[in-house]
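Using UniProt numbering, you'd call the opening residue of the sequence shown number 1 and step up by one each time. Reviewing the structure listed below.
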Amino acid sequence: MTYLHPLAFLLGLEGVALLRATAGDDGLDRDFVEARIAEVRRLLDEAAPTLGDGVQRDAIGTVEGYRSWSATYDRPGNPMVELEEPVVRGFLADLPPGRALDAACGTGRHAAWLAGRGHRVTGVDSSPEMLELARAKVPEADLRLGDLRTLPVPDGGFDLVVCGLAVNHVAELPVVLSEFARVLRPGGHLVLSDGHLLSLYLGGVAHAVGPDGRVGTLPAYRRTAADHLTAALAAGFRVRGCAEPGWPPSEHAGGPQARRWCPEAADVAYTGTPAVIVWHFTREV
1 MTYLHPLAFL LGLEGVALLR ATAGDDGLDR DFVEARIAEV RRLLDEAAPT LGDGVQRDAI
61 GTVEGYRSWS ATYDRPGNPM VELEEPVVRG FLADLPPGRA LDAACGTGRH AAWLAGRGHR
121 VTGVDSSPEM LELARAKVPE ADLRLGDLRT LPVPDGGFDL VVCGLAVNHV AELPVVLSEF
181 ARVLRPGGHL VLSDGHLLSL YLGGVAHAVG PDGRVGTLPA YRRTAADHLT AALAAGFRVR
241 GCAEPGWPPS EHAGGPQARR WCPEAADVAY TGTPAVIVWH FTREV
């Protein structure tokens with residue numbers, strides 16, 4: 001269960017901005033700090049009466065959440081996807097065509113790109129609604145309903161596994177990495193992306209409408225780079241590369257209320273903060 005309060009979120013952005021100033025980030029001088037303190041007072045005095053009360057949101061499972069999210073997932077303007085895709089594809093670009101598994105393939109955004117590069121693509125996802133969209137997008141792919149913890153594919157059947165922005169929904173990260181190792185041939189490649197831990201605290205936890213019509217919070221397990229690395233090494237992977245692309249400057253940072261009440265604090269809180277983490281591993285021979 002999560003309690004979301006609009007004023008708390010804006011005050012949190014001010015706090016992040018002040019912590020950056022306290023750490024000595026360039027350009028965040030005395031005037032910046034005093035402006036933030038004055039802005040906090042304004043938020044409490046002027047913004048609070050207009051922002052309304054907080055809301056309590058219950059947890060919602062990924063199958064239920066992605067059932068409703070599937071209708072809008074591929075629409076332009078998902079900033080995390082826009083940052084993640086070029087990095088993932090940069091790691092994939094030099095790999096020769098082969099047998100590729102898109103694990104948690106969703107609507108098939110990575111599967112379609114892989115198929116276009118000549119890979120023979122299998123996709124697995126736990127959402128029937130997302131798989132239907134993937135079938136329309138990548139008709140040549142072999143798409144299967146399944147779970148990351150028990151992938152419905154044979155041992156050693158793939159040269160490449162891609163998993164985009166999905167493992168933070170799953171509690172059993174070591175189990176998932178072991179499954180990726182099981183389905184890869186020795187020397188095969190894994191490219192894995194995940195929402196960055198720091199980004200989760202800037203509104204990066206996903207919400208979706210459940211079957212009862214109420215908005216719920218999807219699972220979002222907090223993981224450090226060390227958590228990913230420990231699970232991958234234990235599963236028999238070697239690191240080939242890692243990237244943590246940060247949020248670029250944006251006139252939309254923080255959302256509409258942040259742009260109205262504290263745009264400078266939001267800009268400082270977001271800009272440069274890692275949005276996603278992307279790993280390139282190979283399975284040891």
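C-beta atoms are modelled at their ideal positions from N, C-alpha and C, and glycine is treated no differently. The model shown is predicted, which means the values in this text are computed figures rather than measured ones.
- Message: At 3 residues or longer, what runs of the beta strand (DSSP E) sit wholly inside the stretch 24-104?
- Response: 55-57, 99-103
- Task: For Ala235, collect the residues of the same chain with a Cβ closer than 6 angstroms to its Cβ; drop the 5 residues on either side in sequence, then sort them by chain order.
- Result: Leu177, Ser178, Ala181
- Short check: CB of Tyr66 to CB of Met130, under 8 angstroms? yes
- Quick one: grab the DSSP three-state call for Val124. strand
- Task: Just the C-alpha distance for Val170 and Asp227, rounded to the nearest angstrom, thanks.
- Result: 13 angstroms
- Which ranges does the beta strand (DSSP E) cover as unbroken runs of at least 3 residues, wholly within the stretch 135-204, from first to last along the chain? 142-145, 158-164, 184-195
- Query: Buried or exposed: which applies to Val167, given that a residue is buried once 16 or more other Cβ atoms fall within 10 Å of its Cβ?
  - Reply: buried
- Among Ala253, Ala115, His5, which has the Cα closest to the Cα of Gly52? His5
- Could you tell me whether the stretch 248-265 touches the stretch 29-47, using the rule of 3 or more Cβ pairs below 8 angstroms? yes
- Message: In the DSSP assignment, the beta strand (DSSP E) including Val215 goes from what residue to what residue?
- Response: 215-217
- In the structure shown, what three-state DSSP assignment does Pro256 receive? helix
- If we ignore side chains and look at the alpha-carbon of each, how far apart do Pro76 and Ala136 end up? 18 angstroms
- Would you give the residue range spanned by the alpha helix (DSSP H) that Gly116 belongs to? 109-116
- Excluding the five sequence neighbours on either side, which residues of its own chain have a C-beta within less than 7 angstroms of the C-beta of Ala275, listed in chain order? Met80, Leu83, His196, Ser199, Pro245, Gly246, Trp247
- Do you know how far the Cα of Leu218 is from the Cα of Thr2? 10 angstroms
- Quick one: what does DSSP say Gly241 is sitting in, helix, strand or coil? strand
- Query: Going by other Cβ atoms of all chains shown within 10 Å of its Cβ, with 16 needed for buried, is Asp194 buried or exposed?
  - Reply: buried
- Distance CB(Pro36)-CB(Ala17) smaller than 8 angstroms: Reading off the sequence, residue 36 comes out as Arg, not Pro. Against a cut-off of 8 angstroms, the Cβ pair of Ala17 and Arg36 comes out as a contact.
- Message: So, under 8 angstroms CB-CB, Pro95 and His189 are touching, yes? Tell me the CB distance rounded to an integer number of Å.
- Response: According to the sequence displayed, residue 95 carries Leu and not Pro. Going by Cβ atoms, the distance from Leu95 to His189 rounds to 6 angstroms, so yes, they are a contact pair.
- May I have the straight-line CA-CA distance separating Leu233 from Val239, to the nearest angstrom? 8 angstroms
- Message: I need the straight-line Cα distance from Arg89 to Arg117, nearest angstrom please.
- Response: 11 angstroms
- Is the shortest distance between the beta-carbon of Gly188 and the beta-carbons of chain D less than 8 angstroms? Protein chains in the displayed structure number just one, and chain D is not present.
- Give me whichever residues DSSP pairs with Trp261 in a beta bridge. For Trp261, which the question treats as bridged, DSSP gives no partner whatsoever.
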